[in-house]
Structure formats: structure tokens, C-alpha cells
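One structure is given below, encoded as C-alpha cells.
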Amino acid sequence: MYFAALLARTEDGWEASDTELDDVESLSDLAELAREASPEDDTVLVLIEQEDAWFGVVRIDGEDDPRIYVSDAAAAARSSYGEILLTDELLGRDPDDDDVADLDSLDLDGTEDGDTEEEDDDEDGTSSAEAVPHSPVGDSQILDDLGVGEKELRLLDADDALSSIAEALGASEVLETVR
């Protein structure tokens, strides 16, 4: 079971709204959704959890690039919502290098049999998707200035992380209203 909410910081404190992520296909879509929640370009946090498996925090400050923290990258990689957060940049991958190497290695003389070394690797279970670590990834200092330090963030359990974060922000009541 998934839960996703937006916490937007306003002059009057935090405002929460639950959000539907079914139409969100990329991190850019998610950032746009978050920016719509705060017309004043204030801080918006997108909190996502999969019950007892992983949680993620995306922080959008105005037009700055989103900052991301995911508690367990491997668990999130098995989730459609987690895949939105696990960008190549976050995982330390350079997709352009792979694409160029793949194109350069092709011998397109019309005699191809359709089987490439890359496909053989995938069949053996050594695909790049398996290189996702079973550990936190991203900006572990994402909430430092809001009262949740790096150490506290890393120690949070997936089953109560969002509640703990909201409590530290002074937003537990507003988060519970949308839960």
C-alpha cells in the first residue's frame, strides 16, 4: 500500500494535501505538481511511502532542482513510484555513456541475428537494474534546516518515517488529516 502527500510551507505553517501519483510519469512531473501546491515558491515536500518497505522525500524550493532522498533504493526500484525518484543521476549512472557505447558497438551490415551481448547479460541476471543498492540514496541532508538531521533521517523506519518527519516539522496534525 502506498501513501503520498504534499507538505507546503506557508506563512501560516505547513499545509498538507494528499496527492494522486497515477498521472506522474517522471521527476519533472512530480516537481511540477509540487510547485502548483505552493504559489509563493515556498518549500514543498513530497512524502511517499510503501508500507514497511521504503520511503522517499522530494524537496522542491521554488524553481531549484528537486532534492531527493530514498530510504532503500532496491526496494523503491521495485515500485512504479520509486522508479520516478530513482533517476540515473541519483544512482550515479550516466545513461549517455551506455547509449553511445551500445551504438558504437553495433555492426549494422544487414546480417544481424537479433541477439546482442547486452541481451545475453540480461538473461544471466546481470542487468543494470540489479546494481541498485539496498541502502539509502540521495541527499541525506535534505531536511537538516527543517529539524531532521542526516543521522535521524537514516535511522527512520519505513513504517513510521513520514509521521516522524511531520512531527519534527510541526506538521503531524495536518499530515494526519490527509492520511
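Each residue of the sequence shown is one higher than the last, beginning at 1110 in the working numbering.
Virtual Cβ for every residue (Gly too), placed ideally from N, Cα, C.
Note that the coordinates shown come from a computational prediction; the quantities given were computed from them, not determined experimentally.
Asked                                                                                                                                                : Found
Does the Cβ of E1158 have 16 or more other Cβ atoms within 10 Å, making it buried, or fewer, making it exposed?                                      : buried
Measure the alpha-carbon distance for R1118 versus L1284 and round it to whole angstroms.                                                            : 12 Å
If you drop the 5 nearest sequence neighbours on each side, which residues of the same chain put their C-beta closer than 7 Å to that of G1256?      : A1277, L1278
Nearest to D1181 by alpha carbon, out of R1168, L1130, R1144, G1191?                                                                                 : G1191
Spatial neighbours of A1140 within its chain, please: C-beta separation below 7 Å, excluding the five flanking residues on both sides.               : I1169, P1175
Assuming contact is defined by CB atoms lying nearer than 7 Å, are L1262 and I1193 in contact in what I supplied?                                    : no
When DSSP labels each residue in this structure, what does S1249 get in the three-state scheme?                                                      : coil
Reducing DSSP to helix, strand and coil, say where S1126 ends up.                                                                                    : strand
Report the three-state DSSP secondary structure of V1167 (helix, strand or coil).                                                                    : strand
Return helix, strand or coil for R1144, following the three-state DSSP convention.                                                                   : helix
Considering only C-alpha positions, which residue in the set Y1111, L1116, M1110 is nearest to A1280?                                                : L1116
From the DSSP output, which residues share a beta bridge with E1158?                                                                                 : F1112, F1164
Considering only residues of the same chain and omitting the five flanking positions on each side of A1125, which have a CB-CB separation below 6 Å? : A1114, L1116, V1283, L1284, V1287
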